[in-house]
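Here the sequence shown is numbered in this note's numbering, starting from 5 and rising by one per residue. Glycine included, every Cβ here is placed at the ideal spot set by N, Cα and C. What follows is a single structure, written as structure tokens, with notes after it.
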Amino acid sequence: MHGPGDLTGLALVMGAALLCGLGMRRIGQPPIVGYILAGVLLGPSVLGLVVDRATVGFLAELGVLLLLFLVAMEMSLYAFREVWKVSAGATVLQIAIGVALLLPFVWFGGMAWSEAAVLGFVIALSSTAVVIKLLEQTNILRQPVGQLVVGVLIAQDLAVVPLLIGVNFLALGTVSALVAAKFVAALAAVAALVWFLARRKRLVIPFIDEGTPAELVALGGLALCFGAAALTGVAGLTPALGAFLAGLVIGNSTARHPMIVSTRPIQAVLLMVFFLSVGLLIDFKFLAERWDVLVVLVLAVTVVKTALNIGILALLREPWPHAFIAGVLLAQIGEFSLVIASEAERGGIITRELSQTIVAVMAFSLLLAPLWLFATRRLLRVVILGMTSFHDTIDAIRSRRLTAAWRAAAAVAGLAWRILRAIARGIARPFRRKPRADDARRPADTTAPRDRTLTPRGVADPDDTPETPRYPPPGGPAATPPPAPRPAGEPRTPPAEILEPGTIPRRDSPSAALRRTPTGPAPEAPRYPAPDGAPHAGAPPTPEKKNE
5 MHGPGDLTGL
15 ALVMGAALLC
25 GLGMRRIGQP
35 PIVGYILAGV
45 LLGPSVLGLV
55 VDRATVGFLA
65 ELGVLLLLFL
75 VAMEMSLYAF
85 REVWKVSAGA
95 TVLQIAIGVA
105 LLLPFVWFGG
115 MAWSEAAVLG
125 FVIALSSTAV
135 VIKLLEQTNI
145 LRQPVGQLVV
155 GVLIAQDLAV
165 VPLLIGVNFL
175 ALGTVSALVA
185 AKFVAALAAV
195 AALVWFLARR
205 KRLVIPFIDE
215 GTPAELVALG
225 GLALCFGAAA
235 LTGVAGLTPA
245 LGAFLAGLVI
255 GNSTARHPMI
265 VSTRPIQAVL
275 LMVFFLSVGL
285 LIDFKFLAER
295 WDVLVVLVLA
305 VTVVKTALNI
315 GILALLREPW
325 PHAFIAGVLL
335 AQIGEFSLVI
345 ASEAERGGII
355 TRELSQTIVA
365 VMAFSLLLAP
375 LWLFATRRLL
385 RVVILGMTSF
395 HDTIDAIRSR
405 RLTAAWRAAA
415 AVAGLAWRIL
425 RAIARGIARP
435 FRRKPRADDA
445 RRPADTTAPR
455 DRTLTPRGVA
465 DPDDTPETPR
475 YPPPGGPAAT
485 PPPAPRPAGE
495 PRTPPAEILE
505 PGTIPRRDSP
515 SAALRRTPTG
525 PAPEAPRYPA
535 PDGAPHAGAP
545 PTPEKKNE
């Protein structure tokens with residue numbers, strides 16, 4: 005039975021993580037940064053409420069295994085088949101060039117080969133959660149550039165397990181034939197399973213169906229994840245490999261959706277513990293003393309990763325706009341970089357000071373995500389304008405700088421006009437006439453007019469057809485004469501030639517009626533008799549009778 009002190013510490017950890025996560029979400033930042041900040045605040049360098057990191061270390065390792073398990077389940081291997089060549093090539097080049105960029109530090113700076121390799125692995129990976137969020141907010145997730153970025157992220161996630169295996173082998177210091185054979189076997193197992201699952205229909209898990217309770221589904225997912233991790237651990241490989249392979253199998257089965265829904269809350273809590281445990285390693289004094297170096301490192305890593313990604317995708321013959329946007333989106337350091345850094349620190353490859361630097365750079369790079377989101381929206385305009393070269397983009401930026409003042413003035417004027425219009429509408433609202441019942445349109449007015457050609461003055465040309473009366477004649481409707489009998493031998497009128505319902509022609513304006521010279525036939529004969537025998541308007545005068 006745990007004492008009150010243990011429960012108090014657990015309550016402080018959960019409460020601090022919740023508050024920091026909600027705070028970061030309120031300002032538009034990923035909750036991951038809030039969890040790391042909570043670990044910094046609770047750690048020995050600030051409040052000192054959590055001193056022993058081993059109390060949360062085991063839960064943090066479980067969170068990493070569940071993260072790999074869930075990421076593998078959410079992979080769409082069918083969609084990955086469309087872009088796997090470019091995605092796999094880009095990931096391999098990112099890792100290789102990332103390690104190659106650190107070779108001068110090995111040759112001239114005294115850095116170890118294993119340390120340079122780990123840093124290259126860390127820099128090459130991007131944040132899947134943050135990039136997917138950016139793609140959704142910019143509405144380009146379903147577009148070709150979005151599918152390209154998602155393919156690169158899937159390839160990076162697939163590369164995490166081989167990278168972790170490589171870190172474990174680097175921690176041994178020596179590479180024997182047995183170690184090399186295990187590494188090759190692990191890579192072959194991942195490649196064979198991906199190839200097998202991508203070509204088959206979904207597998208059927210016998211003990212999970214639609215009627216299985218949610219708690220049993222979650223329990224089955226945890227058992228598969230940790231059981232596979234234990235098997236690979238006994239075989240001398242990293243437990244992350246087993247969790248990842250189990251996630252691939254479940255993700256391509258009929259139990260994918262219920263398994264994701266059931267295990268996601270558990271994975272979220274344990275993953276929060278992992279990032280909080282990472283924050284416990286950060287020394288606040290270390291950040292305060294080297295904040296200038298950290299800022300330079302964040303900017304350098306962001307710029308170098310952007311240029312590296314653009315160059316790699318352009319080398320793979322991707323269009324310039326797609327390569328540019330993908331390079332900007334993949335410019336941050338991902339959460340799996342922390343997993344690799346933690347594994348390398350545990351194996352003695354990197355020091356604790358370097359691990360703290362990696363965590364700080366990763367956190368600050370995630371904080372820059374909204375700025376990169378704004379840059380992506382601006383770059384979408386470049387794509388829409390059809391700028392397919394670097395010089396076109398530079399010319400557009402220069403021209404926009406020259407007209408920035410005019411655009412700002414136009415924006416201010418437009419805002420002032422909208423405010424004044426809203427005020428005027430608010431003032432005039434009490435004085436508006438209320439609608440009356442006779443304001444409704446008459447049924448005859450709803451008939452659509454026929455197509456007419458407007459004159460330059462906007463007045464329709466007159467129509468020679470007589471106007472259809474709007475109202476019934478006095479004394480009741482006129483009797484419709486019976487149709488004339490069809491002569492013998494005359495063909496019947498087909499239904500397609502039946503005349504359409506009459507439409508009300510548009511009336512001439514008074515000025516147009518005065519300007520027009522009266523032409524045409526004689527005045528129309530009266531349609532209805534005049535009341536009380538009065539002469540009808542337009543009728544010829546009646547000759548006077550002579551008195552005899």
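Beta-carbon proximity of residue i to residue j, cut-off 7 angstroms
| i | j | result |
| --- | --- | --- |
| Val-277 | Leu-63 | yes |
| Leu-106 | Ser-341 | no |
| Ala-345 | Thr-306 | no |
| Val-343 | Val-165 | no |
| Ile-316 | Leu-97 | yes |
| Ile-127 | Gly-102 | yes |
| Cys-229 | Ala-247 | yes |
| Met-28 | Ile-158 | no |
| Ser-257 | Arg-294 | no |
| Ala-202 | Leu-81 | yes |
| Gly-251 | Ala-92 | no |
| Leu-41 | Leu-274 | no |
| Val-37 | Phe-288 | no |
| Val-90 | Leu-320 | yes |
| Ile-169 | Ala-196 | no |
| Ala-120 | Val-110 | yes |
| Ser-118 | Glu-339 | no |
| Ala-367 | Val-171 | no |
| Leu-138 | Leu-333 | yes |
| Val-45 | Val-54 | According to the sequence displayed, residue 45 carries Leu and not Val. Going by C-beta atoms, Leu-45 is not nearer than 7 angstroms to Val-54. |
| Met-263 | Gly-215 | no |
| Ala-163 | Ile-209 | no |
| Tyr-39 | Phe-279 | yes |
Nearest-angstrom Cβ-Cβ length linking residue i and residue j, presumed shorter than 8 angstroms
| i | j | result |
| --- | --- | --- |
| Val-4 | Val-149 | No information on residue 4 is available, as it lies outside the stretch 5 to 552 that the chain covers here. |
| Val-365 | Ile-337 | 6 angstroms |
| Ala-218 | Ser-266 | 5 angstroms |
| Leu-74 | Gln-271 | 5 angstroms |
| Phe-173 | Phe-187 | 6 angstroms |
| Ser-281 | Gly-43 | 6 angstroms |
| Val-87 | Gln-151 | 6 angstroms |
| Val-363 | Leu-284 | Contact doesn't hold; Cβ gap of about 10 angstroms is too wide. |
| Ala-327 | Ala-318 | 5 angstroms |
Beta-ladder partner(s) of residue i, from DSSP
| i | result |
| --- | --- |
| Ser-257 | Leu-207 |
Counted within 10 angstroms of its Cβ, other Cβ atoms place residue i as buried (16 or more) or exposed
| i | result |
| --- | --- |
| Ala-21 | buried |
| Ala-330 | buried |
| His-261 | exposed |
| Val-17 | buried |
| Pro-35 | buried |
| Val-221 | buried |
| Pro-325 | buried |
| Thr-355 | exposed |
| Ala-185 | exposed |
| Ile-427 | exposed |
| Leu-26 | exposed |
| Gly-352 | exposed |
| Gly-462 | The predicted position of Gly-462 is uncertain, since its pLDDT is 41 and thus under 50; a value taken from the coordinates is nonetheless stated next. With fewer than 16 other Cβ atoms within 10 Å, it is exposed. |
| Cys-32 | The sequence shown places Gly at residue 32, rather than the Cys named in the question. By the neighbour-count rule (16 or more Cβ atoms within 10 Å), Gly-32 is not buried but exposed. |
| Cys-24 | buried |
| Phe-125 | buried |
| Asp-2 | Since the displayed the chain opens at 5 and closes at 552, residue 2 lies outside it and no answer follows. |
| Glu-357 | exposed |
| Gly-19 | exposed |
| Gly-231 | exposed |
| Gly-52 | exposed |
| Phe-378 | exposed |
| Val-238 | exposed |
Minimum Cβ-Cβ distance from residue i to chain D less than 7 angstroms
| i | result |
| --- | --- |
| Val-302 | Note that chain D does not occur in the displayed structure, where there is just one protein chain. |
(request) Just list the alpha helix (DSSP H) runs in the stretch 280 to 347, keeping only unbroken ones of 4 residues or longer that don't cross its boundaries, in chain order. (result) 288 to 293, 295 to 319 and 324 to 333
(request) Counting only runs of 3+ residues fully inside the stretch 22 to 63, write out the beta strand (DSSP E) ranges in chain order. (result) none
(message) Threshold first: 4 residues or longer. Then list the alpha helix (DSSP H) segments lying entirely within the stretch 153 to 205, N to C.
(response) 181 to 202
(message) Suppose only complete runs of 4+ residues qualify. What are the alpha helix (DSSP H) ranges in the stretch 80 to 104, listed by chain order?
(response) 81 to 84 and 88 to 104
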